[in-house]
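**Q** Supplied in structure tokens, the structure appears directly below.
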Amino acid sequence: MKSTLENTTLLSQGAALKYLPSILEDVFGIFDSSVLGCLLRDFIGNLPPLRLLKQKLQSLTEIVNSKIFQSYECREMLLHTTIPILQELIAKGEEEEACIELLSNILEVLYKAQKRAEEWLTHQSGEERQHSEDSELRKVKGHVQVILEQLLRTVNRRVIGLGQEHDLRSHYVACMAAILNQMDEAHYSSYIQAFSARTDLVDFLMETFILFKDLIGKTVYPSDWMVMNMVQNREFLRAINQFADTLIQMFLSSSSLELQLWNNYFHLAVAFLTQDSLQLENFSQAKRTTILAKYGDMRATIGAAIRDMWYNLGHHKIRFIPGMVGPILEMTLVPELELRKSTIPIFFDMMLCEFQRTKNFGMFEDEILRKLDSEVEGGRGDEQYKQLFQSILLSCCRNHPELAKPSEKFVALVTGLLERLLDYRAVMNDENKTYSMSCTVNLLNFYKEIDRRAMYIRYLYKLKDLHVSYENYTEAAYTLLLHARLLKWSDEPNTAPMQGSHSQSLHTQRQLKEALYNQIIHYFDQGKMWEEAIHICKELAEQYESEVFEYEMLSDILQREAKFYENILKVLRPSPDYFAVGYYGQGFPTFLRNKVFIYRGKEYERREDFEMRLLTPFPYAEKLQTTSPPEQDVTDSPGQYIQCFTVQPVEEARDRFRGRNVPEQIVNFYKTNNIQQFSYSRPFRKGPKDPDNEFATMWIERTTYVTAYPLPGILRWFMVTATARTIISPLENAIETMKKTNEKILTEINRHHSEPSLPVNPLSMLLNGIVDPAVMGGFAKYETAFFQEAYLTEHPEDQASIEKLQDLIAWQIPLLAEGIRIHSRKVTEDLRPFHERMEQCFVQLRAKVESQYGLRELPFLEERRGGRPHSKLPGPETEPPSRPHQDSTEPPPSRKSVSCAPERPPEAEERKSDRRENRSSTFFGYRRQEQRQSVLEPPEPKEEKWRLSWNMTESCLAGAEGKQSPLERDASAASPSATGASGSPRGFAGRVKSASKAPPLPRKISSSVYETFMEQNATPNSGKQLTVDGSKGLKSPPPPPLKSKRISQA
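Heads up: the sequence shown is residues 939 to 1988, going by our numbering.
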């Protein structure tokens, strides 16, 4: 066998190895076992080491499986030959399959021999048992010791060296588990003591802890192979506990403490406790019962060991804070009640340890808040844990008065965070991400309050990503703006962790802020919030122009800004609707339960579509059919009730627009954006119902909702933080209705001036509903309800309001006149009879209103650019037209009478003349360009032609109750008087310079002019005095005097 020759010698050696095991059964009874063991040892040992390795291992495997290996003498000699061969080959990674098979068979034989010896001992008496134990069992354990000392570390290192996907890794792990299974305390003790150097022992323990942790986290067996996983865990648990004793005995003193070794132990123990295969609550009841019966709940065992090891650290604990906060937190979050009760007190011990050293526990607090966020988001933690955490820590604090107040504050902080994190996790994986956004905002606000900037920024970007996925670009821009506002225009380095798509090349705060601003501008542009984008552009432009002098980038940003200005005036932006939504009942999550929110609808979204989208996440919720707040039985019920209705935005006064010509597109934006107050009006009846006039008893309950933040913002909805309810009387309701009607007419007129191609149908419906009493009843119902002597006698305090309503009715006439003029110009021949009918009704309506409430004429504001509607908000520069004084007893001048203006100083007269020329007293008037030589000289007479304000046939106008038709009145006033002053034409006529010149550009009606006059009427000396006639009831006020522009000069 020692020969190294080839050919026939090699073949003979191979044949001998192959057939030798087959004759061992026959010769075992002839030779003595010790002699046979020596022969086999020499037979295998004489073969050259590298010759016929595979055949040698196969022959040894067959010998191990034969009866001869069960003999102690033969086994003793063969093991001393076989183990060195295995050690060398496994370390080199050669013939691994044959080595694994041989080692597995050896361990199996030893396991059976040990079990036979232990079983035999159970049937023996005490003396026999002692004698047998000293012989049979001791011999088997001796052989295990041989394998342990030479192969355990070799196998461990081979497992570490093999890749995760290697086919043989699981086989090596099985061999390692078999070795550990046959080790007892004596084996562990002798093995530890066998290390000659302390560093070698530390290396072995570090290798073992890392290996165990890796195998626990990346198990080599399928998850459904319960038996193998549980056997592996059982042996790992025994080994961990044995090595824990070694740590206490050899590595705990001040001079010998191995900090990294202890850290590795704690991390390994926590990883073992939290592994999926030990979480029994995730298994079926049958599987859970089987595991508990055979293996027990290993989490309780290792949890108690971790707790004991922590307390054994003594004064070394401070060295493990805050490093061990995360692993301990992960352990306490395991949903096992007894484990939580035994391990949560470790947190208080950490707090106490740090407090005794630094008089606070800031490191512990920071770490637990940071780790709690990731752990709960990963699926750990529940309501029971929150309650246990609170109760256990507060009870621990009672024994330490110096920690009472800071501990209570800390517990409140953690429980508040837990509540928000649990809400966030509950909706995080929902298909509808709407409520994920709410919970995300709750979390980022929480982190902002406690000044945790990194976590705050983290959730800002989570919220931004959610908005972008739902195309909520406006809200995404506002979200990013919160991060940008935290940065400075400086070259200071970024300290917060980078988030989002921004590359790591943005090293300074200036670079990051610039990148954020460009992204914000892009999102605002997509959301059509160009006003907000312009603000960002201006700030960037200031930096490019004055700080970094990047003129090329300045050019780009100014071009973008100019485009946004153009979009504001030219691109159609539909106004969003707002909805109030109440979530009532205990069935909703805490962040929704019994709360009211204001939602900002999407473009062109109907309330029905919004409600369907709202109810989708709550298929069992019931929609309340009323808009009044629900009773307590609804809010306390276990069900889910949703209330939804439309609310109106309440615009705040904007001083920068007051008294200025502002395009409608600009004003309309602020009517529905940056709004924090919303109102809802619910009509109800008070007193006996009047079947002929419902307005007399129509009261309004107006509820005003105040949201936590203005809309739009970082969400499409915000919670209502305050509500206020007011009652609107029928008279006040009538005033508001008239104001809104006049505003609708103004809007339609300006729209048609701006866009001549608009269809006329909406204007037709609006005008006909007002001028034709058969359609809507007109304002005659108001006259019947409020303008009677009986009402004024019963409600004298409403005198001013009645005058205001009458004034609004009077102001509606010039608006209707302009609307009908536009309608006459655009109506088709098919609708001409409809238009003529509407004109007839208007003539009667105007005659009635002017005779009862006086004549009103609205000035027009000259268009600065053609075709664009403007609004002029009330301001100190806006002057009302002349009106009769409340206390005047002089009869009003007739329509054709002429009065002389009093003399004024030349400077004052010139300023007054300029102001008069800056406003027009009739529709389609324009600012006169000719300048007078002297304000005291009468104007030079001109040939002027008056343009009719609407197209009415003379036959229609002449037949209006026998009164002078508007056309006749306009014609009679068309020629100037001999003194050069024109008469005061009634109706709504305008003038042009001459017949040869083109008419001026159309002028838009100021939507707030009549409101300005209403403000003037509210003063004590500006109201109209109603007179009472016993036979005829209320008398209408006299018509206002002629305007100064139509009064001849003295």
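Idealized CB from N, CA, C, for every residue including glycine.
In this text, all values refer to a predicted model and were calculated from it rather than measured experimentally.
Taking the C-alpha atoms as reference points, what is the distance between Lys1883 and Glu1756?
**A** Legend: pLDDT at Lys1883 = 32, less than 50; position of this residue unreliable, value from coordinates given subsequently. Their Cα atoms are separated by approximately 19 Å.
**Q** Here's the rule: buried if 16 or more other CB atoms are within 10 angstroms of the residue's CB, otherwise exposed. What is His1445?
**A** Burial call: exposed.
**Q** Please classify Ile1495: does DSSP put it in a helix, a strand, or coil?
**A** It is helical.
**Q** Cutting at 7 Å between CB atoms, please list the residues of its own chain near Ile1758, excluding the five before and the five after it.
**A** These residues qualify, in order along the chain: Leu1705, Met1776, Glu1777, Phe1780 and Trp1888.
**Q** Pick out the complete alpha helix (DSSP H) segments inside the stretch 1526 to 1560, 4 residues or longer, and give them in chain order.
**A** Those alpha helix (DSSP H) runs which fall completely within the stretch 1526 to 1560 and span 4+ residues are 1545 to 1553.
**Q** Quick one, which of Gln1025, Pro1752 and Pro1568 has its alpha-carbon nearest Arg1794's?
**A** Comparing Cα-Cα distances from Arg1794 to each of Gln1025, Pro1752 and Pro1568, the minimum goes to Pro1752.
**Q** Would you kindly report the start and end of the unbroken beta strand (DSSP E) that includes Arg1663?
**A** Counting along the chain, the beta strand (DSSP E) containing Arg1663 begins and ends at Trp1655 to Ile1666.
**Q** Which ranges does the beta strand (DSSP E) cover as unbroken runs of at least 3 residues, wholly within the stretch 1614 to 1650, from first to last along the chain?
**A** 1636 to 1649, all fully within the stretch 1614 to 1650.
**Q** What number of angstroms, rounded off, separates the C-alpha of Ile1536 from the C-alpha of Met1657?
**A** C-alpha separation (whole angstroms): 6 Å.
**Q** Apart from the five residues on each side of it in sequence, which residues of its chain come closer than 8 Å, Cβ to Cβ, to Lys1533?
**A** Closer than 8 Å at Cβ, skipping near neighbours: Gly1520, Tyr1521, Met1657 and Val1658.
**Q** Who does Cys1582 pair with in a DSSP beta bridge?
**A** For Cys1582, which the question treats as bridged, DSSP gives the partners Val1519.
**Q** Excluding sequence positions up to five away, which residues of its chain have a Cβ less than 7 Å from the Cβ of Arg1136?
**A** Hits under 7 Å: none found.
**Q** Could you name the residues of the same chain whose beta carbon sits closer than 6 Å to that of Glu1541, not counting the 5 residues immediately before and after it, in chain order?
**A** Contacts found: Pro1512.
**Q** In this structure, does DSSP put Asn1599 in helix, strand or coil?
**A** Of the three classes helix, strand and coil, the one that applies to Asn1599 here is strand, per DSSP.
**Q** When you compare only the Cα positions, how much space is there between Ile1395 and Arg1620?
**A** Rounded to the nearest angstrom, the two C-alpha atoms are 42 Å apart.
**Q** Go to Tyr1720, then tell me how far its alpha helix (DSSP H) extends in each direction, as first and last residue.
**A** It spans Ala1718 to Phe1724 - the alpha helix (DSSP H) in which Tyr1720 sits, taken as one unbroken run.
**Q** Going by DSSP, what residue range makes up the alpha helix (DSSP H) through Val1111?
**A** From DSSP, the alpha helix (DSSP H) with Val1111 extends over Arg1107 to Asn1119.
**Q** Considering only the alpha carbon of each residue, which of Lys1719, Ser1575 and Tyr1249 lies closest to Asn1630?
**A** Looking at the sequence provided, one finds Asp at residue 1630 rather than Asn. Here the closest residue by C-alpha is Lys1719.
**Q** Lys1466: buried (16+ other C-beta within 10 angstroms of its C-beta) or exposed?
**A** Buried, because 16 or more other Cβ atoms sit within 10 Å of the Cβ of Lys1466.
**Q** Apply the 10 Å Cβ neighbour rule to Arg1763 and answer buried if 16 or more other Cβ atoms are within range, or exposed otherwise.
**A** With fewer than 16 other Cβ atoms within 10 Å, it is exposed.
**Q** Relative to the alpha-carbon of Leu1090, which residue among Leu1118, Gln1187, Glu1103 and Leu1106 has its alpha-carbon at the smallest distance?
**A** If we check each option's Cα against that of Leu1090, Leu1118 comes out closest.
**Q** Closer than 7 Å by C-beta to Gln993: which residues in its own chain qualify, once you throw out the five before and the five after it? Chain order, please.
**A** Result list for Gln993: Gly952, Leu955 and Lys956, in chain order.
**Q** Using the C-alpha atoms, what's the distance from Gln1180 back to Thr1573?
**A** Whole-angstrom Cα-Cα distance: 58 Å.
**Q** On the three-pair Cβ rule with 8 Å, is the stretch 1270 to 1281 touching the stretch 1241 to 1251?
**A** Contact between the stretch 1270 to 1281 and the stretch 1241 to 1251 is present, because at least three Cβ pairs lie under 8 Å.
**Q** In the DSSP assignment, the alpha helix (DSSP H) including Ala1414 goes from what residue to what residue?
**A** Ala1414 -> alpha helix (DSSP H) spans Tyr1411 to Ala1422.
**Q** Does the stretch 1254 to 1261 touch the stretch 1221 to 1237, meaning 3 or more C-beta pairs lie closer than 8 Å?
**A** No contact exists between the stretch 1221 to 1237 and the stretch 1254 to 1261.
**Q** Excluding the 5 residues flanking Glu1357 on each side, which residues of the same chain have their C-beta closer than 8 Å to its C-beta?
**A** Cβ neighbours of Glu1357 beyond the five flanking positions: Lys1324 and Thr1528.
**Q** Of all the alpha helix (DSSP H) runs that stay within the bounds of the stretch 1314 to 1346, which reach a length of 4 or more residues?
**A** The stretch 1314 to 1346 contains these whole alpha helix (DSSP H) runs: 1321 to 1335.
**Q** Looking only at C-alpha atoms, which of Ser1108, Ala1660, Arg1640 and Leu1669 sits nearest to Tyr1647?
**A** Measuring from the Cα of Tyr1647, the nearest candidate turns out to be Ala1660.
**Q** Look at the Cβ atom of Arg1623, then the Cβ atom of Thr1635, and state whether they are nearer than 8 Å.
**A** Closer than 8 Å, so yes.
**Q** Mapping DSSP to helix, strand and coil, what is Pro1431?
**A** Pro1431 falls in the strand class under three-state DSSP.
**Q** Among Leu1197, Glu1430 and Ser1617, which one has its Cα closest to the Cα of Arg1590?
**A** In the sequence as presented, Arg is not what sits at residue 1590; that position holds Glu. The option with the nearest alpha carbon to Glu1590 is Ser1617.
**Q** Within this structure, are the beta carbons of Leu991 and Glu1033 separated by less than 8 Å?
**A** Their beta carbons are under 8 Å apart, which means Leu991 touches Glu1033 by this criterion.
**Q** Let me know the secondary structure DSSP gives Pro1587 once reduced to three states.
**A** DSSP places Pro1587 in strand when its eight states are reduced to three.
**Q** Might you give, ordered along the chain, the residues of its own chain that have their beta carbon closer than 7 Å to the beta carbon of Arg1531, omitting 5 neighbours on each side?
**A** The residues are Tyr1521 and Gln1524.
**Q** Which residue from Leu1562, Ala1723, Gln1782 and Ser1702 puts its Cα closest to that of Lys1627?
**A** It is Ala1723.
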